[in-house]
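Everything on this sheet refers to the single structure shown next.
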Amino acid sequence: MFDDSTMPGHLRESMARRKQIPDTEDRQEWKDLICSRCKGLCCRYITVEIDPPEDEEDLDNIRWYMIHRGISILVEDEKWYVKMDARCEHLLPNGRCAIYDSRPQACRDYDTENCDYRTVYEGRATAYREYTDFDRLRRSTKKRWAREAAKKRKRKRK
Ligand code: SF4
Ligand code: SF4
36 MFDDSTMPGH LRESMARRKQ IPDTEDRQEW KDLICSRCKG LCCRYITVEI
86 DPPEDEEDLD NIRWYMIHRG ISILVEDEKW YVKMDARCEH LLPNGRCAIY
136 DSRPQACRDY DTENCDYRTV YEGRATAYRE YTDFDRLRRS TKKRWAREAA
186 KKRKRKRK
């Protein structure tokens, strides 16, 4: 159980406010508040979706991504992404956005519900698993393939 007494006071306040704020307009207000406390953690990388690997050749292509500095792989259920460390040109030193009113739709759509800041401060599990080490990714992928193959065999027997 997360102990909120260890949280920074401002975040505890904002969480308490959130519990009392049910409607959409105020929820936006709450999002603005939490973002105003953050240094733009979500504005420091981009992700690009890729096909999940199906064989060793696909895995070797992923290894090629990962031998480059600043690259990691995110896996969220069936979705795979290449994550590239890249600070947005519009992120100001104080963590604010220099083009807030005209920011891209992807920035508008990003939700604070499970964002980087909240997973750090609330000790939540991230919705995805991040791999920076290829061997670990390969081991985990091979286990996944074995599970999927076993499921297929089971379905065929029915
Ligand atoms: S990581 Fe979360 S709190 Fe920080 S700017 Fe992004 S959405 Fe806002
Ligand atoms: S445009 Fe603004 S909100 Fe979007 S990534 Fe850049 S700094 Fe962040």
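Going by the working numbering, the sequence shown opens with residue 36, and the numbers climb by one from there. All C-beta atoms, glycine included, are put in the ideal place defined by N, C-alpha and C.
First and last residue of the uninterrupted alpha helix (DSSP H) at residue i
i, result
"arginine 164", "Element bounds for arginine 164: not the alpha helix (DSSP H) but the beta strand (DSSP E), 164-166."
"tyrosine 152", "151-157"
"isoleucine 97", "91-101"
"threonine 176", "169-192"
"aspartate 144", "140-144"
Residue i classed as buried or exposed, judged by whether at least 16 other C-beta atoms fall within 10 angstroms
i, result
"arginine 79", "exposed"
"lysine 172", "In the sequence as displayed, the identity of residue 172 is leucine instead of lysine. The residue in question, leucine 172, is buried, as its Cβ has 16 or more Cβ neighbours within 10 Å."
"arginine 143", "exposed"
"threonine 167", "exposed"
"leucine 109", "buried"
"tyrosine 135", "exposed"
"isoleucine 102", "exposed"
"arginine 179", "exposed"
"arginine 153", "buried"
"tryptophan 99", "exposed"
"glycine 75", "buried"
Coarse secondary structure for residue i, derived from DSSP in three states
i, result
"lysine 118", "strand"
"lysine 66", "helix"
"tyrosine 80", "strand"
Which residues DSSP lists as bridging residue i, in chain order
i, result
"valine 110", "Trp115 and Arg164"
"isoleucine 85", "Trp115"
"leucine 126", "Cys132"
8 Å Cβ cutoff, residue i in contact with chain B
i, result
"isoleucine 97", "Absence of chain B from the displayed structure is noted, only one protein chain being present."
heavy atom of ligand 2 below 7 Å from residue i C-beta
i, result
"proline 139", "yes"
"arginine 150", "Reading the sequence as shown, one finds cysteine at residue 150 and not arginine. Answer for cysteine 150: no, Cβ out of range of ligand 2."
"isoleucine 69", "no"
"isoleucine 134", "yes"
"leucine 109", "no"
"leucine 126", "yes"
Proximity test, residue i beta-carbon vs ligand 1 heavy atom, cut-off 7 Å
i, result
"glycine 75", "yes"
"threonine 147", "yes"
"arginine 153", "yes"
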